[in-house]
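In full-length UniProt numbering, the protein residues as written are 1 to 734. Glycine included, every Cβ here is placed at the ideal spot set by N, Cα and C. Fair warning: this is a prediction, and the values are worked out from it, not measured in the lab. To start, the structure under review is shown below, and the notes come after it.
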């Protein structure tokens, strides 16, 4: 019999075990059994083809509609073209020099087809797909004849997350082989807790999720396995919160007649109700010796920076320092200028005629010259009350005099290690207060799960005077002539005295940046991989010499020297540049009210939140904003659904929810940062809000009584199993 921790090689053989390890990072019996089916194909019910994504590895149950064979024009050999359908939409399959398959791939046959989705001539395609046919005899009697395999005889066919060369049905065979020799596992959930929750035992749930008798069995199994995921995450977060409680923070109570009162007395606008109420909460939390960990989320332009500045000034009044960490040098420099302008002479400490309670704002970035850097480092270690910078702030040589508050702008742009390193700058025995700002709204359940040790506040009010932004998708694959109209619109905006952005996903200069290298176009019918994303270095000169000839065009990206970036941004803000071709370096913090139009090239390469952030750069003045989302995405795909959704609403909170619905849940726990698969395979952060909330309450109670889970070894093992070492570190640093 096999055990939970056993390696797969003795059970499945070296070749199969190696394939699972290499393609899916599955090494043990337990890891394979935790690799749950993504969905279930019901015999006789074909898979919906609409919504398949270019680049994903998909498995579909479909019917052969048409088969054609012809000779290739550009090279020797034959091409077998298959058209499969779900009854509503078709998908092309192409086989190279495999004409013999024509004998079994007959119209009317049904089967599972698996492979990487590509596009050819504007249509979705599977090139050289793997497949297994399901013979009609097997559907009727389950006799296993023809090319039918054993796992297809059940009413429900599990469809697993698969990989090239390792299709879903191969994984199903492996799981069945393991289950045949597996005698179950000790349940990590105590029997009393299971009874209290009304969930199945783990052994039954694992068997039923892989080999269900019906949909009801699947539902019962999934409910139990969701609890494993929710409780594991919440236990890890509860342990982190308890550890934080044991480490004090520097108390920074407000001081009358200090720099904060001076700022409030001269602020040139009225605070919104949201700014005032959140400010009061922060005021109280920063006054305590318990570390504040608060996330302030709000739309672009909702006034998060003023909220952060008032918190920083309270800390300065208490005799300590505040640091603001920005994701780019452009934004760091802009924040430093903005804070200095807002403070006026309150930022002139040490200068002749400065007010008695003034402070200093110091900028520190990695590209500063030696003399500038020495001066900034001296101020950081002494005179500066507010320090603004990029990742340069977390280098070992940077020593703060007395760090009391860390403000992180746009947290999603930083790795967790960077955030934790800055947090540690307050010394070994105390933690600074932490205030995180983001213009990417987060649904409540995501905040509960990912930002489990952060309290969340939302600024929903927008300042008066913001202009509407109209967004339109430009589907150049279907309507290539629309691109000409895009450039005409930019010319019209410039002619009206306005300015525009053109955003590209890539800088260019592939060799220097380690970016994708252009590949020659595929031969006729050949597997078509996606072209490299458009680059600023290519698009800017093409526009200058072509459709935007005669306009003043600037270029901005993250690899320009800091002084050059600053010069370009100042010129654009001053109206000396008509069209700024840039990367996402303009995504946050850039404020040019005269910029009214934005063209986002390869818009399908960006996420929903990023697109929303980018278009927030226009419509910041009295004139209406225009955002054109240019894409060659195939109609009917999830990608096109995302773009249509962005175009249909400017409500960032609604878009955040939609983004989560369309994205893989796996990205939520930092899988992209750690490079590992996610611990969330079944738990839906939107649909399972009740489970997450209950799991949080249970975890708090358990950790309160047993912080190290010594009395709950099963739960400790489950946390280690589902929230691996890298992910636990991610959760604890977030």
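Exercise. Can you say whether residue 265 is buried or exposed, counting buried as having 16 or more other CB atoms within 10 angstroms of its CB?
Key: exposed
Quiz item: Where does the unbroken beta strand (DSSP E) through residue 581 begin, and where does it stop?
Solution: 579-582
Quiz item: Would DSSP call residue 715 helix, strand or coil?
Solution: helix
Quiz item: Counting along the chain, where does the beta strand (DSSP E) carrying residue 42 start and finish?
Solution: 39-42
Quiz item: Got a sec? Which residues, its chain only, sit under 7 Å from residue 159 by beta carbon, not counting five neighbours each side?
Solution: 37, 38, 39, 40, 41, 59, 168
Practice problem: Taking residue 247 and residue 430 to be in contact with their CB atoms under 8 Å, please state how far apart those CB atoms are, rounded to whole angstroms. | Solution: 7 Å
Quiz item: Is the distance from the Cβ of residue 556 to the Cβ of residue 537 below 7 Å?
Solution: no
Self-check item: Three-state secondary structure (DSSP) of residue 4
Solution: coil
Exercise. Return the first residue and the last residue of the beta strand (DSSP E) that residue 362 is part of.
Key: 361-364
Practice problem: For the alpha helix (DSSP H) holding residue 644, just list the boundary residues, first then last. | Solution: 638-648
Quiz item: Ends of the beta strand (DSSP E) at residue 492?
Solution: Element bounds for residue 492: not the beta strand (DSSP E) but the alpha helix (DSSP H), 482-495.
Quiz item: Does the Cβ-Cβ distance between residue 434 and residue 293 come in under 7 Å?
Solution: yes
Quiz item: Does the beta-carbon of residue 304 have 16 or more other beta-carbons within 10 angstroms, so that it is buried, or is it exposed?
Solution: buried
Quiz item: Counting only runs that start and end within the region 230-280, where is the alpha helix (DSSP H) found for 4 or more residues in a row?
Solution: 259-266
Quiz item: Where does the unbroken alpha helix (DSSP H) through residue 377 begin, and where does it stop?
Solution: 370-380
Quiz item: Do you know how far the Cα of residue 505 is from the Cα of residue 606?
Solution: 8 Å
Quiz prompt | DSSP three-state assignment for residue 324, whether helix, strand or coil | solution = strand
Quiz item: Do residue 388 and residue 324 come within 7 Å of each other at the CB atom, strictly closer than that value?
Solution: yes
Quiz prompt | Close Cβ partners of residue 306 (< 8 Å) along its chain, the five nearest in sequence each way excluded | solution = 267, 271, 275, 342
Quiz item: Going straight from the alpha carbon of residue 647 to that of residue 608, what length do you get?
Solution: 10 Å
Self-check item: Buried versus exposed call for residue 649 [16 or more other C-beta atoms within 10 Å across all chains shown]
Solution: exposed
Practice problem: Might you give, ordered along the chain, the residues of its own chain that have their beta carbon closer than 7 Å to the beta carbon of residue 107, omitting 5 neighbours on each side? | Solution: 64, 65, 66, 67
Quiz item: Are the region 247-257 and the region 716-724 touching, with three or more C-beta to C-beta distances below 8 Å?
Solution: no
Quiz item: Nearest to residue 735 by CA position, among 372, 705, 470, 356, is which residue?
Solution: Summary: the structure shown does not reach residue 735, with the chain confined to residues 1 through 734, and so no result is reported for it.
Quiz prompt | Member of 620, 175, 50, 326 whose CA lies at the smallest distance from the CA of residue 467 | solution = 620
Self-check item: Alpha-carbon spacing of residue 642 relative to residue 659, whole angstroms
Solution: 7 Å
Quiz prompt | Same chain, Cβ closer than 7 Å to residue 565, five either side skipped, listed in chain order | solution = 329, 330, 556
Quiz prompt | Local Cβ density within 10 Å of residue 297, reported as buried at 16 or more and exposed below that | solution = buried
Self-check item: For residue 108, three-class secondary structure by DSSP
Solution: coil
Quiz item: Who are the near neighbours of residue 81 in its chain, counting only those whose CB is closer than 6 Å to its CB and skipping five residues on each side?
Solution: 68, 94
Quiz item: What runs of the alpha helix (DSSP H), each 4 residues or longer, lie entirely inside the region 14-59?
Solution: 14-24, 29-33
Quiz item: Which residues mark the beginning and the end of the alpha helix (DSSP H) in which residue 564 is found?
Solution: 562-573
Quiz item: Using a Cβ-Cβ cut-off of 6 Å (strictly less than) and excluding sequence neighbours within five positions of residue 348, which residues of its own chain qualify?
Solution: 354, 358
Exercise. Can you give me the Cβ contacts of residue 317 inside the same chain, cut-off strictly under 8 Å, excluding the 5 residues immediately before and after it?
Key: 252, 254, 255, 258, 259, 260, 357
Practice problem: Grab me the residues of residue 295's own chain with a C-beta within less than 6 Å of its C-beta, minus the 5 sequence neighbours each way, in chain order. | Solution: 436, 451, 454, 456
Quiz item: Which class does residue 598 belong to by DSSP, given the choice of helix, strand or coil?
Solution: strand
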